[in-house]
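Everything below concerns the one structure shown next.
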C-alpha cells in the first residue's frame, strides 16, 4: 500500500493502454459467438439464429477442405522453416564481411523487397516466370526445358515459398545481425586464445549465442502457421494449381467475404486461432526446455 | 514533481476521454410520420430533407472546397426542389469500405439513410438490406410518383426488377444502366487482314484460317512464337469482359458460368451443357497450335490487352468501347496498326451466342421511416426527364453544372475537359443516384445514329463523339447487328441457400477441370466426370432453387 502511494502516477499512465486493450482486444472476443450463429448484422448477436457447430461442419464437409488445410500447413511450415534458416545463415555470412559499407549496402538491398506489395510483385512474377520469360530464358541457356512455374502443380509451392523467402529474408536478417552485434567480444577473444579457428568460433560461440533469438523468432512465427500468406497466393494462384495452391484464406475470401457469410468467416478464424494458440504454447514449452529460454 | 504528476493525470485522462468520445453517437431514429394527402410537388416549401450516405469513388474530385456532403449538386437540389440532401456520413470507397460501413451502421443500430444506392459490386449487401426489413416496398411508390420517361425506361426490360422482388413485392428501385454495355465484339487487326488479302472471319473455320495466317505468315514479319493470334485469359472466369472466351462455347450452343433458358423453359447452368465439351476441344486445339496465349490460365482481363496494345495480338474480344481504351495506344507501338470491330463468328450450326447485359447497375432503397418518399421521385423524375437524354432546350443541354463538367467562355464557346477554369470534375457523381439517370437504349440509339452518319445534336451524342473512342459508333453498329445472339444471365435473384454453401466448390472444380483439359493435364472425357460431380456435389440443389426463383418471378 505504501508503494502504491509513491507509484500511482505510473498506474495512471498505464491506464489508457489497459483501457484500449480491454476495448479493442477483449470486448471484441464476444464476437466469437458469431461462429455458432447464422449471423445477420441487422439481427445482432442476440437475434441471430443459433446453428451450433454447423459452420464448422461445413468447413469439413467440403470435398476439398482436407486438401485446402493440408496445402495451408505445407506452405506455411515450409515458409516458416526457410524464413528462419535462410536469414540465420545469411546473417552469419554477412557478419563475416569486414567492410562495413559493403555489409550495410547488402543489408539494405536484401531488405528492400520487404516493402513491395504482392499485388505489384504478382504482376512482375507472372512476366518473369512465364514460359518464355526471363527466368526460363536463363534456364534454357543451360539446356533446361521451360518450366511453367506458376501453372504446374509440381512447381507452384516451390515458386511460392522461394519468392516469399526472397521477399522477406531481409527482415529477419536484420534481427539476427542485431543479435550478432550483441555477442560479447570477450568470448571470441577467449576462443582465439584457446586456438579456435574462425569456423570453430562460429560453431561454438556465434551459433549458441544466437539460439535464444532463433527460438523467439521461430515461436512468434508459429502463431502464423495457418497463415500461408493470403496476398501472395491470391495474386499468384490460378485454376491450374488449385490442387496445390488453394489455402484456407483464399477459400475464406471466396466463400465468406464475397458472400457476406460472417458466421462462417468467424468459425474459420476461431479454428485458426485455437490451433495457433496450441502451437504457441507448445513451442514456448519447447523453447524453455531445450534452449532454457523464457519469452514471456 | 507536483506539476509532472498533474500533467500525467491530465494527459492520461484526456487520452481516455478523447478515445471514448469517438465511440459516441447512437440511435436517434425518429418514428415515421404518417402522411396521407397527395404530397408530390415540383418544389417543396418548407424544404424537406432526404438523408443519404456516400461511398465516394477515390478518383472523384471536388473543386471550390466542396465535398460529397456539400457541393453544387446539393445546393442545386435545395434551390430547385426545396430538397435538403443531408449526408449521415461519407467514406472513400476503397476495398469495399462503403459496404463495410453500411454493415456496421446496420449492426450497431445507427440511423439508416432514407435513400441509399448500392452498386452491383455490393449486390449481397443490397440483398441483406432488403432482408433486414428496414427498407420499404417501392412498387406502389414507383407506380404512383415516377414520371412517364422513367417508367418507360424501366419497362424496356422487365427483368430488371427480378433481383429485388420478395414475395411478389418490389423492394428496391433498380438503377438503370445502358444496354449492351457488356455485350462483346471481336476486335481484329484490319491491317493484317488487308495485307494477307483475307476478309473478316464470320465462321469458326474462317477464324481458324485467319489465326493460322496471323501466326505463321505474319504480315508484320513477327516470328510465329511472338504472335498471339487470339488474346484470351481464364484466370478469373470463362465468362468475363476483356479477353473473354465465352463466345467460343457460344458457337457450340452454351454460355458458361451463367444460367441460360433451356428449350424446356427451365434455367440451365451453361457450364455443364454438352456444347461446353466441344468448345473445350476447340480451345485445346487452339492452345496446342499456339493460337491463344501459353499463359492463358494465369492471365486476367487487363493482361490480355497487353499483347494487343504491344501490337503482337491479332484478335481481342471485348466491349464495343475498347477503341477508346486500351486499343488507342497500339499505334504508339506499331504505327501501321488498325483495329476493327467484327461480329462473333458462328458455329457449325450457323448460330452464335455471346453473353448479354443486364441493364442495371445497382439498386436504390427507400427507408421505411422516410417521411417524404415522394421528394425522391421529384428529384429523380427531373433527372430522367432532363438529364438522361436531354433535348436542346433542357437545362442540362451543355452539361450538368456550369463550371464543373462544362463551362462557357465570354464569346459563348463551350468549354470541356481541361479547358474548364479550375479543371473538369465529374459532377454527375454528386447526384443522389449514381450516374444521375440513364435510359438503357439511349446510348445505343445515339451511337447508331452517329454510325449512320448522323450529326451529334443532343448532349449525349456530343458526349459520345468527344469522349468515346473513334470507332465506338462503328463497333456499336456491329454489336447491334448481332443482338439476337445476346444471352444475358437469366438468374438475377438473391444468392440461394445452397449457392452460399456449394457454389464456390462447384466453381472451383469447374475452372480446374476446364483449365486442365486445355493444358492437356486431363483427358477431354474428364468433362463428363466433372458434370457428374457437379450434379451430385450440390449442383442439382442449386439448379432446383434457381428454377424455383425463376418460377416465382415469372408467374
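Chains as they are written, first to last, in my numbering: chain A, 10 to 305; chain B, -11 to 543. Glycine included, each C-beta is placed from N, C-alpha and C at the ideal position.
- Close partners of residue 483 of chain B in chain A (Cβ separation under 8 Å): 268.
- Within the stretch 456 to 533 of chain B, the alpha helix (DSSP H) runs of at least 4 residues that lie entirely inside it are, in chain order, 460 to 469, 485 to 506 and 514 to 522.
- Remark: C-beta atoms of residue 331 of chain B and residue 173 of chain B approach each other more closely than 8 Å.
- In the structure shown, residue 114 of chain A adopts helical secondary structure according to DSSP, grouped into three states.
- When rounded, the separation of the alpha-carbon atoms in residue 262 of chain A and residue 289 of chain A is 25 Å.
- The Cβ atoms of residue 301 of chain B and residue 307 of chain B do not sit closer than 8 Å to each other.
- Each of A:253, A:89 and A:278 was checked against the Cα of residue 500 of chain B, and the nearest Cα belongs to A:253.
- Rounded to the nearest angstrom, the gap between the Cα atoms of residue 95 of chain B and residue 50 of chain B is 31 Å.
- Taking a contact to require three or more Cβ pairs closer than 8 Å, the stretch 313 to 327 of chain B and the stretch 447 to 456 of chain B do not qualify as touching.
- Following the DSSP letters along the chain, one finds residue 136 of chain A inside the alpha helix (DSSP H) bounded by residues 127 to 137.
- Residues of chain B whose Cβ lies closer than 9 Å to the Cβ of residue 44 of chain A do not exist, since the nearest Cβ in that chain is about 16 Å away.
- Residue pairing of residue 80 of chain B in beta bridges, as defined by DSSP: B:44.
- Among the bridge pairs identified by DSSP, residue 158 of chain B is matched with B:153.
- Residue 218 of chain A and residue 236 of chain A have their C-alpha atoms some 30 Å from each other.
- Scanning A:61, A:273 and A:246 for the CA closest to the CA of residue 164 of chain A turns up A:246.
- Taken through DSSP and simplified to helix, strand or coil, residue 212 of chain B comes out as helix.
- Judged by their CB atoms, residue 223 of chain A and residue 91 of chain A are not nearer to each other than the 8 Å cut-off.
- Against chain A, the beta carbon of residue 285 of chain B has neighbours under 8 Å at 160, 247, 248 and 249, listed in chain order.
- For the 8 Å CB-CB criterion, residue 243 of chain B and residue 258 of chain B form a contact.
- DSSP places residue 298 of chain B within a helical segment (H, G or I) once states are collapsed to three.
- In the DSSP secondary-structure assignment, residue 247 of chain B is bridged to B:257.
- Following the DSSP letters along the chain, one finds residue 329 of chain B inside the beta strand (DSSP E) bounded by residues 327 to 330.
- If you draw a straight line from the Cα of residue 530 of chain B to the Cα of residue 152 of chain B, it comes to about 19 Å.
- Secondary-structure assignment with DSSP links residue 355 of chain B through a beta bridge to B:123.
- Using a CB distance cut-off of 8 Å, residue 492 of chain B counts as an interface residue toward chain A.
- In this structure, the CA atom of residue 329 of chain B is about 43 Å from the CA atom of residue 122 of chain A.
- The beta-carbon of residue 222 of chain B is placed less than 8 Å from the nearest beta-carbon of chain A.
- Per DSSP, reduced to three states, the secondary structure at residue 121 of chain A is helical.
- The closest CA to that of residue 420 of chain B, considering only B:28, B:58 and B:30, is found on B:58.
- Residue-level contact check: residue 38 of chain A does not touch chain B, since none of the beta carbons of chain B fall below 8 Å from its beta carbon.
- Beta-bridge pairing by DSSP links residue 262 of chain A to no other residue.
- Neighbourhood of residue 22 of chain A in chain B, by CB distance below 7 Å: -4 and 0, in chain order.
- When DSSP assignments are scanned along the stretch 365 to 443 of chain B, the uninterrupted stretches of alpha helix (DSSP H) that are 4 or more residues long and fall wholly within it turn out to be 428 to 439.
- Here the alpha carbons of residue 67 of chain A and residue 486 of chain B stand approximately 12 Å from one another.
- Looking only at B:282, B:162, B:192 and B:194, the smallest Cα-Cα distance to residue 221 of chain B is reached by B:282.
- Within the same chain, and ignoring the five residues on either side of residue 314 of chain B in sequence, the residues whose Cβ sits closer than 6 Å to its Cβ are 293 and 297.
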